[in-house]
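Enquirer:
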Amino acid sequence: MNKLTEHYEENVSALRRILDADRNFDILEKHLLIADHAASLFFIDGLVKDDILEKLIEYFYSLKPEDLPDSPDQFQMQNLPYIETEILTEMDDVLKNLLSGVPCLFINGMPDCLAIDCRTYPARSVEEPMKDRTLRGSRDGFVETVVFNTALIRRRIRSPKLCMEMQTVGKSTRTDIVLCYMEDRVDRQCLERLKERISSILIDSLTMNQESLAELLLPGHWFNPFPKYHITERPDTASASILEGNIILLVDNSPSALILPTTLFAIMEEANDYYFPPITGTYLRLSRALIMLISLILTPLFLLLMQHPQWIPESFRFIQVQDTVNIPLIWQFLLLELAIDGLRLAAIHTPDMLSTPLSVIAGLVIGEFAVNSGWFNAEVMLYMAFVTIANYSQSNMELNYAVKFMRILLLLLTCWFGLTGFIAGILITFISLLSCRTFSGRGYLYPLIPFRWKTLKRQLFRVKI
434 MNKLTEHYEE
444 NVSALRRILD
454 ADRNFDILEK
464 HLLIADHAAS
474 LFFIDGLVKD
484 DILEKLIEYF
494 YSLKPEDLPD
504 SPDQFQMQNL
514 PYIETEILTE
524 MDDVLKNLLS
534 GVPCLFINGM
544 PDCLAIDCRT
554 YPARSVEEPM
564 KDRTLRGSRD
574 GFVETVVFNT
584 ALIRRRIRSP
594 KLCMEMQTVG
604 KSTRTDIVLC
614 YMEDRVDRQC
624 LERLKERISS
634 ILIDSLTMNQ
644 ESLAELLLPG
654 HWFNPFPKYH
664 ITERPDTASA
674 SILEGNIILL
684 VDNSPSALIL
694 PTTLFAIMEE
704 ANDYYFPPIT
714 GTYLRLSRAL
724 IMLISLILTP
734 LFLLLMQHPQ
744 WIPESFRFIQ
754 VQDTVNIPLI
764 WQFLLLELAI
774 DGLRLAAIHT
784 PDMLSTPLSV
794 IAGLVIGEFA
804 VNSGWFNAEV
814 MLYMAFVTIA
824 NYSQSNMELN
834 YAVKFMRILL
844 LLLTCWFGLT
854 GFIAGILITF
864 ISLLSCRTFS
874 GRGYLYPLIP
884 FRWKTLKRQL
894 FRVKI
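Per the numbering used here, the sequence shown starts with residue 434, numbered consecutively.
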């Protein structure tokens, strides 16, 4: 780190040279005269509160020579009528604050820099997230400004034990990362390991923001699709996780929180479970788990039974394909898996005013003609429709795609090896869950493996608070 010199002109000239202020139109320098002393105020246009800065400058112009102390500490206490101020002695700290939007003031005769945090960021209003919606409960969600997100958590947890530590990652982006945890409830060993891993990250930028950070913190085998972290856009969910002893990571410019450590049962939870009475919350939780399990094995099991129709009981003979099978069932399932993702991607990029009519056209017209033309059988379309709807019973998209990949693997193994392949696919899925480790090192299936009935009961059933 480069320490600031005692000479005003050297500090200001060095900062102008590093920032290339003559070329960058949005990096501004305001020349001031404070109590007959030359001063320079550096700030970034668009990231400061103009009205506050104007009032400060007006106050500085009113100072007389006898009002100006010799040290920055005394000037900060006596002549800086603003709340968020800091004295900077290193050029790297000046650059970090200035490029984050904090105005920096240099005064001739004072060796250090005064940072006045009157910045503001372009931000959207706090509103309910599109993904984690609830029928009851609060309607606010995280936004892209990390300070607003910490305020939403502070509003819910009014405890002096709540700690929020800020770190910076990325040589170029200098992305702010906030660690939120309860001092008396957090796993200290896990917290220290997380801090060490964040501080050891040597990277130029977090290109994909929160996802890049998660991949750096939780390296694992690429072929295991199950998510090792839980992402939420709801402040109430994040606050509840903090109170349970977990650690929340807030990344600037990201409208969501990263929950560490997590397990499969925690990822499957939703806020709706807690905004209804215990019996309703339990029903929602168990039905969601059952639907996910059915969506995993339904189409592979149907394919297995079509390969061995003699295994179908008499009372279930109606499930057999009635029409002529022009295309093998395995190819029908694989084509529909791909087509569903194509429709989903198209829906994302479709303007809102057209999304509803196009969805109707895609779902009814294309589906009807696909069956009538002989490309697909009606039974295959029915089961794939259920699987598609079942995917939306889980709010976690990473878990949905993990189930999808395992379902495709089950389909292929069942097609190639029959019953042996179906059983092998189930075993591979279970081994993938078993081998997936959380950040704390605890098993992904905890508290089922290792078995802890008291904890498992709270994960399966919505007990009374």
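Positions of the beta carbon are idealized from the N, C-alpha and C atoms, including for glycine. Note that the coordinates shown come from a computational prediction; the quantities given were computed from them, not determined experimentally.
Would you decide whether Arg450 is buried or exposed? Buried here means 16 or more other CB atoms lie within 10 Å of its CB.
Expert: Counting from 1 along the sequence shown, the entry for residue 450 is found at position 17. Exposed is the call here.
Enquirer: What are the start and end residues of the beta strand (DSSP E) that includes Glu519?
Expert: Counting from 1 along the sequence shown, the entry for residue 519 is found at position 86. Residues Thr518 to Leu521.
Enquirer: Are there 16 or more other CB atoms within 10 angstroms of the CB of Asp565, so buried, or fewer, so exposed?
Expert: In the sequence shown, the residue the question calls residue 565 occupies position 132. Result: buried.
Enquirer: Report the residue from Leu697, Arg630 and Pro498 whose alpha carbon sits nearest the alpha carbon of Gly900.
Expert: Because the chain here runs from 434 to 898, residue 900 falls outside it and cannot be looked at.
Enquirer: Taking only runs of the beta strand (DSSP E) that begin and end inside the stretch 550 to 606, which ones reach a length of at least 3 residues, in chain order?
Expert: Listed in chain order, they are 595 to 602.
Enquirer: Taking only the alpha-carbon atoms, compute the straight-line gap between Gln600 and Val611 and give it to the nearest angstrom.
Expert: Reading the sequence shown from its first residue, position 167 is the one you call residue 600. Reading the sequence shown from its first residue, position 178 is the one you call residue 611. Taking the straight line from one Cα to the other gives about 6 Å.
Enquirer: Take Ala468 as the anchor and find which of Met543, Pro562, Leu627 and Phe850 has the nearest alpha-carbon.
Expert: Looking up residue 468 in the sequence shown gives position 35. Comparing Cα-Cα distances from Ala468 to each of Met543, Pro562, Leu627 and Phe850, the minimum goes to Met543.
Enquirer: Take Ala471 and list the residues in its own chain whose beta-carbon comes closer than 6 Å to its own, dropping the five residues that flank it on each side.
Expert: Counted from its first residue, the sequence shown places residue 471 at position 38. So the list reads Asn541, once near-sequence residues are dropped.
Enquirer: Nearest-angstrom Cα distance between Leu881 and Val579?
Expert: Translated into positions along the sequence shown, residue 881 becomes position 448. Translated into positions along the sequence shown, residue 579 becomes position 146. Approximately 35 Å between the Cα atoms of the pair.
Enquirer: Suppose the cutoff is 8 Å on Cβ atoms and the five residues either side in sequence are ignored; what does the same chain contact list for Val481 look like?
Expert: Residue mapping note: residue 481 aligns to position 48 of the sequence shown, counting from 1. Closer than 8 Å at Cβ, skipping near neighbours: Gly534, Pro536, Cys551, Arg552 and Thr553.
Enquirer: Take Ala722 as the anchor and find which of Phe894, Gly678, Phe855 and Trp849 has the nearest alpha-carbon.
Expert: Counting from 1 along the sequence shown, the entry for residue 722 is found at position 289. Looking at the Cα atoms, Phe894 is the closest of the given residues.
Enquirer: For a test of your reading of the model: does the CB of Arg840 fall under 7 Å from any non-hydrogen atom of the ligand PLP? Yes or no.
Expert: The model depicted lacks the ligand PLP and carries no ligand whatsoever.
Enquirer: How far does the alpha helix (DSSP H) with Met641 in it reach, from first residue to last?
Expert: Position 208 of the sequence shown, counting from 1, holds the residue named residue 641. Where Met641 is concerned, there is no enclosing alpha helix (DSSP H), given that its DSSP letter is neither H nor E.
Enquirer: For Met701, which residues from the same chain have a beta carbon less than 8 Å from its beta carbon, with the 5 sequence-adjacent residues on both sides left out?
Expert: For the purposes of this step, residue 701 is taken as residue 268 along the sequence shown, with counting starting at 1. Excluding sequence neighbours, Met701 sits near Arg718, Arg721, Ala722, Met725, Gln827, Asn829 and Leu832.
Enquirer: Quick one: what does DSSP say Val896 is sitting in, helix, strand or coil?
Expert: Along the sequence shown, read from residue 1 onward, the residue named residue 896 stands at position 463. Three-state result, Val896: coil.
Enquirer: With distances taken from CA atoms, which of Ala548, His440, Asp459 and Asn810 is nearest Leu489?
Expert: For this step, residue 489 is matched to residue 56 along the sequence shown. Taking only the C-alpha atoms, the option nearest Leu489 is Ala548.
Enquirer: Measuring only the C-alpha atoms, how far is Ile763 from Pro688?
Expert: Reading the sequence shown from its first residue, position 330 is the one you call residue 763. Reading the sequence shown from its first residue, position 255 is the one you call residue 688. Approximately 40 Å, taken between the alpha carbons.
Enquirer: How about Arg750 and Ala704: do their beta carbons lie closer than 8 Å?
Expert: For this step, residue 750 is matched to residue 317 along the sequence shown. For this step, residue 704 is matched to residue 271 along the sequence shown. Against a cut-off of 8 Å, the Cβ pair of Ala704 and Arg750 comes out as no contact.
Enquirer: What three-state label does DSSP hand Phe476 in the structure shown?
Expert: Position 43 of the sequence shown, counting from 1, holds the residue named residue 476. Phe476: strand per DSSP, three-state reduction.
Enquirer: Leaving out the 5 sequence neighbours to the left and right, which residues in its chain are closer than 6 Å to Cys546 when beta-carbon positions are compared?
Expert: Against the sequence shown, residue 546 aligns to sequence position 113. For Cys546, where only same-chain residues beyond five positions count, the Cβ hits under 6 Å are Leu521, Val527, Cys537 and Phe539.
Enquirer: Roughly how many whole angstroms lie between the Cα atoms of Ala647 and Ser504?
Expert: If you number the sequence shown from 1, residue 647 lands on position 214. If you number the sequence shown from 1, residue 504 lands on position 71. Cα-Cα distance, rounded: 44 Å.
Enquirer: Taking DSSP as the reference, what is the three-state secondary structure of Leu624?
Expert: Within the sequence shown, numbered from 1, the residue matching residue 624 stands at position 191. The answer is helix: DSSP assigns Leu624 an H, G or I state.
Enquirer: Once the 5 residues before and after Leu842 are set aside, which same chain residues still bring their CB inside 6 Å of it?
Expert: Start at 1 with the first residue of the sequence shown, and residue 842 comes out as number 409. Result list for Leu842: Gly858, in chain order.
Enquirer: State buried or exposed for Gly874, treating a residue as buried only when at least 16 other CB atoms are found within 10 Å of its CB.
Expert: Numbered from its first residue, the sequence shown carries residue 874 at position 441. When all chains shown are included, Gly874 counts as exposed.
Enquirer: Roughly how many angstroms lie between the CA atoms of Leu465 and His663, to the nearest whole one?
Expert: Looking up residue 465 in the sequence shown gives position 32. Looking up residue 663 in the sequence shown gives position 230. Leu465 and His663: Cα-Cα distance of roughly 50 Å.
Enquirer: Between Lys604 and the rest of its own chain, which residues show a CB-CB distance below 6 Å, the 5 nearest in sequence each way excluded?
Expert: The sequence position of residue 604 within the sequence shown is 171, counting from 1. Around Lys604: Asp637.
Enquirer: Looking at the secondary structure, which residues open and close the beta strand (DSSP E) in which Tyr614 lies?
Expert: As a working mapping, residue 614 is identified with position 181 in the sequence shown. That run of the beta strand (DSSP E) goes Thr608 to Met615.
Enquirer: Please confirm whether Ile590 and Ile460 have their CB atoms less than 8 Å apart.
Expert: Translated into positions along the sequence shown, residue 590 becomes position 157. Translated into positions along the sequence shown, residue 460 becomes position 27. No; because the gap between Cβ atoms is not below 8 Å, this pair is not in contact.
Enquirer: Check whether the Cβ atoms of Val813 and Gln765 sit closer than 8 Å, and answer yes or no.
Expert: Residue numbering aside, residue 813 sits at position 380 when the sequence shown is read from its first letter. Residue numbering aside, residue 765 sits at position 332 when the sequence shown is read from its first letter. A contact, by the Cβ cut-off of 8 Å.
Enquirer: So for Gly876, helix, strand or coil by DSSP?
Expert: Looking up residue 876 in the sequence shown gives position 443. In this structure, Gly876 counts as strand in the three-state DSSP scheme.
Enquirer: For Arg840, does the count of other Cβ atoms within 10 angstroms reach 16, so buried, or fall short, so exposed?
Expert: Residue numbering aside, residue 840 sits at position 407 when the sequence shown is read from its first letter. So Arg840 ends up on the buried side.
Enquirer: Taking C-beta to C-beta, are Glu462 and Ala454 nearer than 8 Å?
Expert: The residue given as residue 462 occupies position 29 in the sequence shown. The residue given as residue 454 occupies position 21 in the sequence shown. Against a cut-off of 8 Å, the Cβ pair of Ala454 and Glu462 comes out as a contact.
Enquirer: Decide if Thr695 is buried, meaning its Cβ has at least 16 other Cβ atoms within 10 Å, or exposed.
Expert: If you number the sequence shown from 1, residue 695 lands on position 262. When all chains shown are included, Thr695 counts as buried.
Enquirer: Considering only their Cβ atoms, is the gap separating Ala811 from Asp774 smaller than 8 Å?
Expert: Here the question's residue 774 lines up with position 341 in the sequence shown. Here the question's residue 811 lines up with position 378 in the sequence shown. Contact flag unset, no.
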